[in-house]
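Numbering (this note's numbering), first residue to last: 868 to 1375. Beta carbons: idealized from backbone N, C-alpha and C, even for Gly. From a predicted model like this one, the values you see are computed outputs, not experimental measurements.
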């Protein structure tokens, strides 16, 4: 009995030592390795983009045609801010935009999530001013011969080129984004890193109650997330729902939940005013979930006062879900906003098969299709999916957000405290290290093959028909001529020819 007590005390002491975390020296080494890996991943993503499009040898107008649909749409605002006489003049013009939805003047900064373009264009202007003052050459240009039927073009490469500067800023976040190697200007390239920060900070707070600065960081990350991605409110609503689930299970207290509520409520108010009082935030699922949390806690308090203790906790998830539906319908009716209606139409179409004309257009694109079997096949071959599943059923409460989030889950295999809690005894570091190396070796067999397949994708962008169309528009039509066309073409037309377009679907 004495030996068992000693072993238990030793194990508890070992767990306590592990829970205190690594030393500052080891943490600094980890940060250095993470930074080096980040630059490597960014270089890898840029190389994949270059191989698939031959981007460095394209002229600027060809690069603009490459940014199809919403990519070209968002990039057009960056181009406008960069080429405006002054940054202030460009910002004022965006608040009085009459080219995007011709026939009515809109505030593009309120209507769309353009803060990435604002920040990057400001950085580019500062960069150009500094390099011009010090007479530093920042780009190299040359003549590129093309098809016999097409004239040669001038192609420039380097940070001094406004398009290269833009995608380099995107690739700095490449290690945290999703499909950035194919579609740099998409909102998720900027938004998903902020969501990962929120997940990290919330998980840290759940593990060990943090001080005020952690809640400030959560609030700032949430604000950034909402400023750059129109779907941020849906993702944040899932975070609130997860916290409510933990509260219902008794894993976090009401006081702790209220602290999260204050943090998120402050963040949505800040984002609301920074987006020029965008009504979509007040009619979003995120705002509805926050109000529902308050309703849920109030109903619980009433039930407890009425001596219905068991019913109080049981009613929480139902009160929360019912509150979301009611608040969402109420705010939508009061504010008369239907800008996010297409999101629910797509969900209804995917789940129940109830299509509208718009959802038929959306679901034609691969991005809105169900996950292909190839995805599960590849993640299983690299052991990523099986290992993530094994750890999830081991009792780790963490949200799955596909590949990047699964990588975070599998990284727990390197955590000594995790194995100590699972097996119930101390594991020597050298054995844990050897096991992890063996696992990585097994994962690398299919992983290296996948990387080689990606790098073998070699292509060169060319679209002579679109080029001829835009040349005709530039030479044969007036600068104020208005065009109505398909959604993918209208974004490219606005970007390359700078002509007004007639569409109200550009925000998609």
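Any Cβ of chain B within less than 8 Å of the Cβ of residue i?
| i | result |
| --- | --- |
| residue 962 | Protein chain content of the structure displayed is limited to a single chain, and chain B is not contained in it. |
For residue i, count neighbouring C-beta atoms within 10 Å of its own C-beta (all shown protein chains included) and say buried if the count is 16 or more, exposed if not.
| i | result |
| --- | --- |
| residue 1342 | exposed |
| residue 1000 | exposed |
| residue 1074 | exposed |
| residue 1155 | buried |
| residue 914 | exposed |
| residue 1018 | exposed |
| residue 1051 | buried |
| residue 899 | exposed |
| residue 1357 | buried |
| residue 1173 | exposed |
| residue 909 | buried |
| residue 972 | exposed |
| residue 946 | buried |
| residue 1096 | buried |
| residue 1122 | exposed |
| residue 979 | buried |
| residue 1147 | buried |
| residue 907 | exposed |
| residue 990 | exposed |
| residue 1380 | It is not possible to answer for residue 1380, since the shown part of the chain is limited to 868 through 1375. |
| residue 1118 | exposed |
| residue 1128 | buried |
| residue 902 | exposed |
| residue 1305 | exposed |
| residue 1054 | buried |
| residue 1311 | exposed |
| residue 1145 | buried |
| residue 1056 | buried |
| residue 963 | exposed |
I think residue i touches residue j, with their Cβ atoms under 8 Å apart; what is that distance to the nearest whole Å?
| i | j | result |
| --- | --- | --- |
| residue 1032 | residue 994 | 7 Å |
| residue 944 | residue 897 | In fact, because the Cβ distance is near 38 Å, the residues do not count as touching under 8 Å. |
| residue 1326 | residue 919 | 5 Å |
| residue 970 | residue 1369 | 7 Å |
| residue 984 | residue 1038 | About 16 Å; that fails the 8 Å criterion. |
| residue 1463 | residue 1183 | For residue 1463 there is no data in the structure shown, the boundaries of the chain being 868 and 1375. |
| residue 1086 | residue 1134 | 4 Å |
| residue 1149 | residue 1165 | Not a contact, Cβ separation roughly 20 Å. |
| residue 1092 | residue 1103 | 7 Å |
| residue 1141 | residue 1094 | 6 Å |
| residue 1194 | residue 1158 | 5 Å |
| residue 977 | residue 1143 | 4 Å |
| residue 1021 | residue 926 | 6 Å |
| residue 1023 | residue 1011 | Actually they are not in contact, since the Cβ atoms of residue 1023 and residue 1011 sit about 10 Å apart, beyond 8 Å. |
| residue 931 | residue 1360 | Contact doesn't hold; Cβ gap of about 10 Å is too wide. |
| residue 921 | residue 1328 | 7 Å |
| residue 949 | residue 988 | 5 Å |
From the DSSP output, in three-state form, read off residue i for me.
| i | result |
| --- | --- |
| residue 1268 | Per-residue confidence for residue 1268 stands at a pLDDT of 45, beneath the threshold of 50, marking its modelled position as unreliable; the derived number appears in the next sentence. Of the three classes helix, strand and coil, the one that applies to residue 1268 here is coil, per DSSP. |
| residue 1123 | helix |
| residue 1153 | helix |
| residue 1337 | helix |
| residue 906 | helix |
| residue 1328 | coil |
| residue 1143 | coil |
| residue 994 | helix |
| residue 1350 | strand |
Over the uninterrupted alpha helix (DSSP H) stretch that includes residue i, give me the two end residues.
| i | result |
| --- | --- |
| residue 1297 | 1296 to 1322 |
| residue 970 | Counting along the chain, residue 970 falls outside any alpha helix (DSSP H), and DSSP gives it neither H nor E. |
| residue 930 | 927 to 933 |
| residue 1357 | 1354 to 1364 |
| residue 1104 | 1099 to 1115 |
| residue 959 | 954 to 961 |
| residue 936 | 936 to 950 |
Worksheet item: Considering only residues of the region 1157 to 1184, which uninterrupted alpha helix (DSSP H) runs meet the minimum length of 4 residues and lie entirely inside it, listed in chain order?
Response: Within the region 1157 to 1184, the complete alpha helix (DSSP H) runs of at least 4 residues are 1176 to 1181.
Item to complete: Give, in chain order, every unbroken run of the alpha helix (DSSP H) that is at least 4 residues long and sits entirely within the region 996 to 1079.
Response: Those alpha helix (DSSP H) runs which fall completely within the region 996 to 1079 and span 4+ residues are 1029 to 1038, 1055 to 1074.
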